[in-house]
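Student: If you're matching them up, the sequences are chains A and B in order. 1 is the number of the first residue of the first sequence in the working numbering; add one for each residue after it. 216 is the number of the first residue of the second sequence in the working numbering; add one for each residue after it. Backbone N, C-alpha and C fix where the C-beta goes; we use that ideal spot for every residue, glycine too.
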Amino acid sequence: MKNVVLGWCRTGAPCPGDIQQTVRGPLTIVSLTSRRALTPRARMHQQVCCFEAGMNLLPVAPRTMFHLNEAMSLETSKNLILLEKLEKISGFGQLTLRLTSPQIEVPKVLQSEQWLRERQRIRVREEDRKKSLENTIRQLTFGSTQHSRVIHHAAGGIAVCHLLVPTDDQAKVKDRICSQATTAAQSLQSLYITGPWPAYAFADYCQAETERAHA
Amino acid sequence: MALEMQMASPSEALGTGDGRLVDLVDGLLNHGVVLRGGLWLTVADVDLVFLGVDVVLTTPQKMLELRT
Chain A
1 MKNVVLGWCR TGAPCPGDIQ QTVRGPLTIV SLTSRRALTP RARMHQQVCC FEAGMNLLPV
61 APRTMFHLNE AMSLETSKNL ILLEKLEKIS GFGQLTLRLT SPQIEVPKVL QSEQWLRERQ
121 RIRVREEDRK KSLENTIRQL TFGSTQHSRV IHHAAGGIAV CHLLVPTDDQ AKVKDRICSQ
181 ATTAAQSLQS LYITGPWPAY AFADYCQAET ERAHA
Chain B
216 MALEMQMASP SEALGTGDGR LVDLVDGLLN HGVVLRGGLW LTVADVDLVF LGVDVVLTTP
276 QKMLELRT
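This is the structure:
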C-alpha cells in the first residue's frame with residue numbers, strides 16, 4: 001500500500017511512533033499508510049497529531065494526496081526550497097480567527113428603481129462592513145507586525161484571519177484576543193478562535209489546489 | 216449586542232458538527248504545500264471532467280530567468 005505524505009520536518013525531529021520518516025538529507029518526509037490517511041480530514045488529523053507531538057511540520061495541503069514515491073523523486077533544488085520554507089515556520093503555530101459582523105437588514109422593495117438603489121446601498125454597506133472587520137482584526141491582533149497575518153473575506157460579513165504565532169506565545173495571544181474582543185470590538189457579532197494548527201496558511205508554496213467546480 | 220465567542224482546539228474543531236467551525240476547517244484543508252493540483256468539474260454531484268495540473272516548484276527569480 002502506498003504511503004501518503006503528510007509533510008516535511010527537520011531530520012531528527014520528534015515524531016509519533018506510527019508515522020514513517022524517510023530521511024532526505026536535512027529534510028525528512030513524514031508519511032503514513034494511505035489506509036489511515038484516505039480523506040483530507042484524516043490527513044489533517046494526523047498532521048495535527050505530529051504538530052502536537054512537538055514536530056515542526058511543513059504540511060502538505062490536506063486536500064491533496066501526495067504519495068511518498070513522488071516526494072522521494074523530488075529534485076534536490078525543490079527540497080532546498082521546502083527546507084527554506086520549513087525554517088520560516090519552525091517554532092510557530094497558526095491561530096485562525098473567524099469573525100462576523102451583524103447582518104445588514106434588507107428591506108423588501110418591489111419597484112425596479114428602488115430595488116437598484118437599495119442594492120447600491122447594500123453594496124456600500126458591505127464595503128464598510130469589510131473595512132470595519134479589517135480594523136477590528138488589526139485591533140485584536142495588536143496592530144503590530146509582530147505576528148504575520150493572512151485575511152480572507154467571505155460574503156455576508158465574515159472574515160477569516162490566520163495568525164502565525166510563536167509556539168510559546170499561543171495561550172497568551174489567545175487570551176489577549178479574547179479580552180480585546182470583549183472591550184474593543186463593538187461591531188463584532190461573533191468570534192471563533194481555533195488553534196494552534198500547523199502553519200497551513202503560511203506554508204502555501206504553490207496555489208494549485210485540487211478543487212471541485214460545480215457547473 | 217452580546218458578543219458570541221468560542222475557542223476550539225484543532226481536535227475539537229475537527230470533531231464538531233458546528234457549521235461555522237466545519238467551514239473554518241474546510242478552508243484550512245486547501246492550505247499547505249501543493250506540488251500537484253487538479254480540478255474536478257462536477258454537475259449535480261457527478262464528476263465529469265478532471266483537469267490535472269503539474270506545478271513547477273521554483274523560486275520567483277528562477278522562474279523569471281527561465282521566462283527571459
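(1) Is the Cβ of A/W197 closer than 7 Å to any Cβ of chain B?
(2) In the DSSP output, which residue or residues are listed as bridge partners for A/F92?
(3) Residues of chain B with a CB under 7 Å from the CB of A/H45: which are they?
(4) Give the interface partners of A/I193 over in chain B, defined as CB-CB distance under 7 Å, in chain order.
(5) Looking at the unbroken alpha helix (DSSP H) that takes in A/Q47, where does it start and where does it end?
(6) Looking at chain C, which residues of the segment 11 to 43 of chain A have a Cβ within less than 8 Å of any of its Cβ atoms?
(7) Using CA coordinates, which residue listed in B/L218, B/M220, B/S226 is at the minimum distance from A/E52?
(8) Could you give the first and the last residue of the continuous alpha helix (DSSP H) run that contains A/M72?
(9) Look at the Cβ atom of A/I158, then the Cβ atom of A/T100, and state whether they are nearer than 7 Å.
(10) Determine the contact status of A/S132 and A/S187, defining contact as a CB-CB distance below 7 Å.
(11) So, at 8 Å on beta carbons, what are the nonlocal neighbours of A/L27 in its own chain, with the 5 sequence-adjacent residues on each side left out?
(12) Using the beta-carbon count (16 or more within 10 Å), is A/G17 buried or exposed?
(13) Would you check if there are 3 or more beta carbon pairs closer than 8 Å linking the segment 61 to 68 of chain A to the segment 33 to 49 of chain A?
(14) Identify which residue in A/V173, A/R176, A/H67, A/C15 has its Cα closest to the Cα of A/L38.
(15) What does A/Q170 touch in chain B if you count any residue whose Cβ is under 7 Å from its own?
(16) With B/A228 as the anchor, note down where its alpha helix (DSSP H) starts and where it stops.
(17) Identify, in the order they occur along the chain, each residue of the same chain with its Cβ nearer than 6 Å to the Cβ of A/Q111, setting aside the five sequence neighbours on each side.
(18) Which residue's Cα is closest to the Cα of A/D168: A/E126, A/A203, A/F92, A/T22?
(19) Closer than 8 Å by beta-carbon distance: list the chain B residues that pair up with A/K174, in chain order.
(20) Cα separation between A/I19 and B/E219?
Tutor: To lay it out plainly:
(1) Output row for A/W197: interface = yes.
(2) Answer by DSSP bridge pairing, in chain order: A/P166.
(3) Within chain B, the residues near A/H45 are L229.
(4) Close partners of A/I193 in chain B (Cβ separation under 7 Å): M222.
(5) Unbroken alpha helix (DSSP H) run through A/Q47: 40 to 52.
(6) The displayed structure is made up of protein chains A and B, and chain C is not among them.
(7) Checking every option, the nearest Cα to that of A/E52 belongs to B/S226.
(8) First-last of the alpha helix (DSSP H) with A/M72: 68 to 72.
(9) Yes, Cβ-Cβ distance for A/I158 and A/T100 is below 7 Å.
(10) Result yes, Cβ atoms of A/S132 and A/S187 sit closer than 7 Å.
(11) If we look at A/L27 and ignore the five residues flanking it on each side, its Cβ neighbours are W8, C9, R10, T11, N79, L82, L83, L86.
(12) A/G17 counts as exposed, since fewer than 16 other C-beta atoms from the protein chains shown sit within 10 angstroms of its C-beta.
(13) Counting Cβ pairs under 8 Å, three or more are found: they touch.
(14) When only C-alpha atoms are compared, the closest one is A/H67.
(15) Here the premise fails: no neighbours, minimum Cβ distance about 11 Å.
(16) For B/A228, the uninterrupted alpha helix (DSSP H) segment begins and ends at 225 to 230.
(17) Leaving aside the five residues that flank A/Q111 on each side, none in its chain has a CB nearer than 6 Å to its CB.
(18) With respect to the C-alpha of A/D168, the residue from A/E126, A/A203, A/F92, A/T22 having the closest C-alpha is A/F92.
(19) Those are M222, listed as they occur along chain B.
(20) Answer to the nearest angstrom: the Cα atoms are 38 Å apart.
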